[in-house]
Each structure stands twice: as structure tokens, then as C-alpha cells.
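Our numbering applies: residue 239 is where the sequence shown begins, and numbers increase by one.
Ideal Cβ positions, reconstructed from N, Cα and C, are used throughout, including at glycine.
Treat the numbers as computed from the prediction; the structure is a model and nothing was measured.
Encoded as C-alpha cells, the structure appears first; notes follow it.
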Amino acid sequence: MSKSAGDVVAAKKAEGNVVFGEPLAASVGTDGSHYWNKCWRHAAGHVTSPPLRPDTETPGHLLDLLASDGLQVTGSDNCTFNFDQKKLGRNDFSKIPNGVNGVEDRMSVIWEKGVQSGKMDPSRFVAVTSTNAAKIFNVYPQKGCVAVGSDADLVIWNPIKSRVISAQTHHQAVDFNIFEGMECHGVPEYVIVNGRVCVDEEELKAVHGFGKFVPTPAFPPYVYDQVDAREKEKRPQGVTRGPNDEDYSPEHMNGLAVKVEKTVQLATPGSPTNDGHSHGPTASGGRNMQDTTFSLAGDVTPALDDDRKTSVKVRNPPGGRSSGGFW
């Protein structure tokens, strides 16, 4: 993730959009300046998608956004390739397999760059590495918290102990580590998964086939409560009116609130408004522009009713000359 991408996510979230950002361990632990290393193996070992940014200030900027909730979670995007596999692109950059390590070192890197540096506190560290992801995937509080009824998944963190990351000592089946030589203060001393100890004093004791599928139900409240609240806020609101609002209503003209009395004219027999086709004046007393003197009953204005009937004789109607009759 670039600085500008992180800024856009943070800005849209500040505007009220329901959006979440996830930088990778690689993007907060190192940068793309390694692509210019003279050692081809070293440069190719950092090739991944999205690419690491050459701006050396990117990791610190992304951590600042994580600390301020501009970004919410961190991932590993772990996808490792050894040197022989990376060599497929030795003469063609586009054929270098994309992917780097991250899953084993993610939490140590975030602690070192975030908590140890003073950018975030331990509670925020837990949020961006565990709790927020559990809420987004709708597995909270089964995952992402320590509580009665939650899964027995625990990391016992030693903030004092330190270790140096190296491809010579990591547990991943790959011969390269993008965090090579990084000293991390704070390590997972014990890891318990579903009640079983998988890491004991930094010694890995994981077994194959012990994991299980964890369903992620749709519509997590952490996400859709925000969506519902936003839609409710945008929904048109009705106007509450009382009995006294029937005849008088406030009208705003030029910023001044005035009351305009509505004119109600009752139609009575013989009145000008009772001829079946004319309308009374508007509320402001003006002439009704929809008024007409036309009537299906044959009535006309008395001033024009002089018993004379009109007729039209046409000598050259469409289609030929007239023979003297009407058509």
C-alpha cells in the first residue's frame, strides 16, 4: 500500500463512508528501495503484488494511519517462493513469481514498528492484528477476544524479550526473508490454538490436521450497523403538523418567517365559481391560471351569449373544391 492509497481510505472513512484499510506486514516493515539492490536474488526476493513502494517514509506513514484508525487491520499476504522459483524471471521481470513472507513475522514487525516505536499502545496493537479482523469477518467474540465462551486461542506475548529475524532460523520452508536482520523487541513466547499449545518458549509444536474450518456469517454488525445508520440518516423525515397548522403555516421569504393566511372561498349556488368550469382565486388572491370559459354543457359567458350561431363555409377544403355544401 502506498501513502496516497492509505490517505484516500482514511479520508473516505472520515467523510462517513464504510470502508476499511489493510496494509501488509511487508509494507510497514520494509520498502521498495530493495528493488535497486545490485544483488538480483535480493531484489527478486522482494517482488510482490501490490509492489513495495520505494519511498522510505511509507512504512512510518502507514503505521501512523493504523494508530489513528485511518487504517484498521494488518495482513501478511504470505506467498513465498525460493530462489530457484524466483529464477524463472531471471531474464524477464514479468516472469518473477510475485510473493513474499509475512505470516510468521507479522505480529513481531507490527509490535516493533508500532508499539516499540511509540506510535501505538498495546490495546491498539491487539485491535489491528486480531480484534478488528474478527469483527469484520463476523467471528467476534468467538475469535478476537479473551472471554468466557470464546475459542481458546491465545498468544502469550513477551514485550521484553527480543529476537533477530533471519531466514536461517525462521520456520517457513523458504530460503529468503524480506525482514532479514531486523531486531524485534517483543515476541510470542507461547501460542495456544483451540486449547492446545502450538508454540512453547518459541519452539514450534504445531501438528498437521489440527485446524478446522471457521464459518464467517454474512452481514457482520461491525460493518452493517454503520451501513444501516448511514442509510437511516439519509432517509427523508416526515413533517409533524398539529391542529393549529391547518390554517396557518410559516413561510420563509428572504430569510424572514411570516404567516400567510390561506384564503378559503366556499362555492355557493349562483356564484362565479359554481359554473362547473371556473376556479376560485389562489390562496394569495391571484387569478387561477388554469381557469377557462370552455364548458361541455354549452354554457358561455353571458356577455357573449347573443343567440347568434356561427358557421363556416369552405370553398376549397382539403382534397378538392367544394360543391357549395358544408363538409
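Cut-off 8 Å between Cβ atoms - residues of its own chain near residue i, not counting five sequence neighbours on either side
i: residue 428; result: 392, 393, 394, 435, 437, 438 and 439
i: residue 244; result: 259, 261, 299, 300, 303, 308 and 309
i: residue 358; result: 301, 304, 305, 352 and 366
i: residue 400; result: 421, 422, 423, 424 and 425
i: residue 405; result: 412, 413, 414, 415 and 418
i: residue 279; result: 321, 324 and 414
i: residue 295; result: 241
Own chain, CB closer than 7 Å to residue i, minus 5 neighbours either side, in chain order
i: residue 469; result: none
i: residue 276; result: none
i: residue 385; result: 379
i: residue 577; result: Because residue 577 is not part of the residues shown, which for the chain are 239 to 565, the question remains open.
i: residue 257; result: 247, 250 and 251
i: residue 479; result: none
i: residue 465; result: 256
Three-state secondary structure (DSSP) of residue i
i: residue 421; result: strand
i: residue 326; result: helix
i: residue 482; result: helix
i: residue 386; result: coil
i: residue 465; result: helix
i: residue 240; result: coil
Contacts around residue i, its chain only, beta-carbon distance under 6 Å, and the 5 residues preceding and following it disregarded
i: residue 378; result: 372
i: residue 382; result: 368, 369 and 372
i: residue 567; result: No statement about residue 567 is possible, as the shown extent of the chain runs from 239 to 565 and does not include it.
i: residue 444; result: 436
i: residue 442; result: 409
i: residue 343; result: 403 and 417
i: residue 477; result: none
Residue i vs residue j beta-carbon contact at 9 Å
i: residue 250; j: residue 300; result: no
i: residue 286; j: residue 315; result: yes
i: residue 292; j: residue 273; result: yes
i: residue 338; j: residue 312; result: no
i: residue 340; j: residue 263; result: yes
i: residue 455; j: residue 374; result: no
i: residue 402; j: residue 347; result: no
i: residue 288; j: residue 239; result: yes
i: residue 335; j: residue 360; result: no
Classification of residue i by the beta-carbon crowding that lies within 10 angstroms, buried from 16 upward
i: residue 253; result: exposed
i: residue 255; result: exposed
i: residue 282; result: buried
i: residue 527; result: exposed
i: residue 290; result: buried
i: residue 448; result: exposed
i: residue 363; result: buried
i: residue 269; result: buried
i: residue 350; result: buried
i: residue 284; result: buried
i: residue 565; result: Confidence at residue 565 is low in this model, with a pLDDT of 49, below 50, so its placement is unreliable and the value that follows should be read with caution. Looking at its Cβ environment, which holds fewer than 16 other Cβ atoms inside 10 Å, residue 565 is exposed.
Any non-hydrogen atom of the ligand MG within 8 Å of residue i CB
i: residue 369; result: Summarising the ligand content, the structure contains no ligands, and the ligand MG is consequently not present.
- [ ] Identify every run of the beta strand (DSSP E) within the region 331-379, keeping only runs that are complete inside it and at least 3 residues long; order them along the chain.
- [x] Counting whole runs of 3 or more residues, the region 331-379 contains no beta strand (DSSP E) stretch at all.
TODO: Note down, one range per segment and in chain order, each beta strand (DSSP E) of at least 3 residues found wholly within the region 277-324.
DONE: Whole beta strand (DSSP E) segments, 3+ residues: zero.
Task: Uninterrupted beta strand (DSSP E) stretches inside the region 390-440 (no shorter than 3 residues) - done: 392-402, 421-431 and 434-438, all fully within the region 390-440.
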